[in-house]
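According to the numbering used here, the sequence shown is numbered sequentially starting from 39.
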Amino acid sequence: MTDRFSLASLPRDRLLGEFSLWSADLANLEADLKRTHDHVDLYHIDVADGRFAPTFLFFPDQVARIAKLTDRPLHVHLMVEADIVEAQAMQFAEAGAHLISVHAENGEAGLRALRAVARMGVAGGVVLRLETPVAAIEPFVGEVSFVTLLGTAIGVKGQGLSDTACPRLEEARAILRRHGREGDIVLAADGGIRQETVPRLRGAGAETVVLGSLAFGDPDLADRMRWLHDLKIAA
């Protein structure tokens, strides 16, 4: 079991760099963890069951190994069906995740999962599929530290950013403000993260973006992160 994840450990005055290990060298994760350590704010680990998302990704033993190789926070994103989300969340909490995000589409089962891992000292987040109305985050707002909006169809690499992604971030930001939690919750954008889309997402309110090839494929990661950190949020 890990220490409780604290937003106080993350900068809030700049865009965060959240690196997706799905885009790392999966045959040599240790090398990529070492190479990116000085540039990443937190690692994003996608978990998929082949049902909720059309692929299979990462499992608890892998996360336990990753947790021994880095001192950076690990954000596990559970793309799994409601009937297994609570059990999966607890397994990844035990493996060393600092933050576990469930899908709003999991409904009450997702809320139970978040409460279960909170008792284990693990922070919670909620994620929305692109087709799900943004208002679906409302039951979760009091329970989470992160809200992540997908800007592409779930579980498929290489897609372009949806035209609805930025308006959805603005809507989510307004919901957090209405609930008095804008300063307590990190608003994240995941999917379609490209050189040309990151400034738009930042302007729409994203406080972290889930970088894949933009991080792991960049030959000058220090320069990439300087660029990212300088992007400004809209007033």
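Glycine is no exception: its CB is placed at the ideal position from the N, C-alpha and C atoms.
This structure is a prediction, so every number in the text was calculated from the model and none was measured.
Same chain, Cβ closer than 6 Å to residue i, neighbours up to 5 away in sequence not counted
i, result
"His113", "Leu80, His82, Leu137"
"Val172", "Arg206, Glu209, Ala210"
"Leu71", "Leu107, Thr108"
"Val194", "none"
"Leu214", "Glu220, Ile223"
"Ser251", "Ser61"
"Leu259", "His77"
"Leu64", "none"
Nearest-angstrom Cβ-Cβ length linking residue i and residue j, presumed shorter than 8 Å
i, j, result
"Ala105", "Gly134", "3 Å"
"Arg262", "Ala253", "7 Å"
"His115", "Val78", "Actually they do not touch by this definition, with Cβ atoms about 16 Å apart."
"Ala91", "Met117", "4 Å"
"Leu249", "Ile231", "6 Å"
"Glu176", "Leu149", "Contact flag wrong, Cβ pair sits at about 12 Å."
"Thr235", "Leu199", "5 Å"
"Glu74", "Phe57", "Looking at the sequence provided, one finds Thr at residue 74 rather than Glu. Indeed, because the Cβ distance is near 6 Å, the residues count as touching under 8 Å."
Own chain partners of residue i with C-beta closer than 7 Å, once the 5 adjacent residues on each side are dropped
i, result
"Ser131", "Residue 131 is actually Ala in this sequence, not Ser. The residues are Met39, Ile138, Val155, Met158, Val160."
"Pro237", "Leu269"
"Gly145", "Ala120"
"Glu18", "This structure cannot speak to residue 18, because the chain is shown only from 39 to 273."
"Gln100", "none"
Paired residues, beta bridge with residue i - DSSP
i, result
"Leu137", "His113, Ala161"
"Asp228", "Leu188, Val248"
"Leu166", "Leu187"
Contacting residues, own chain, Cβ-Cβ under 8 Å from residue i (five flanking each side not counted)
i, result
"Met94", "First, the residue type needs correcting, since residue 94 is Phe and not Met in the sequence shown. Excluding residues within five positions, the ones whose Cβ falls inside 8 Å are Ala86, Asp87, Gly88."
"Pro98", "Gln129, Phe130, Glu132, Ala133"
"Trp265", "none"
"Pro111", "Phe43, Ser47, Leu48, Asp79, Leu80, Tyr81, His136, Leu137"
"Glu68", "Leu107"
"Asp256", "Arg262"
"Ala174", "Ala142, Glu143, Leu166"
"Val217", "For the sequence presented, residue 217 should be read as His rather than Val. Contacts found: Glu176, Val179, Gly180."
Inspect the CB distances between the stretch 199 to 207 and the stretch 227 to 244 and report whether three or more fall short of 8 Å. At 8 Å Cβ cutoff, the stretches touch.
Whether or not the stretch 157 to 171 and the stretch 186 to 196 are in contact is what I'm after, with contact meaning three or more pairs of Cβ atoms, one per stretch, closer than 8 Å; do they touch? These segments touch.
Contact between the stretch 46 to 66 and the stretch 237 to 246 (3+ Cβ pairs under 8 Å): Result yes; three or more Cβ-Cβ pairs closer than 8 Å.
For the stretch 170 to 199, which segments carrying the beta strand (DSSP E) assignment without a break, of at least 3 residues, lie completely within its bounds, in sequence order? Given a length threshold of 3 residues, each whole run of the beta strand (DSSP E) inside the stretch 170 to 199 is given here in chain order: 184 to 188.
Which runs of the alpha helix (DSSP H), 4 residues or longer, sit entirely within the stretch 39 to 110? Annotation: the stretch 39 to 110 contains the following complete segments of the alpha helix (DSSP H) (minimum length 4 residues), in chain order: 67 to 74, 98 to 107.
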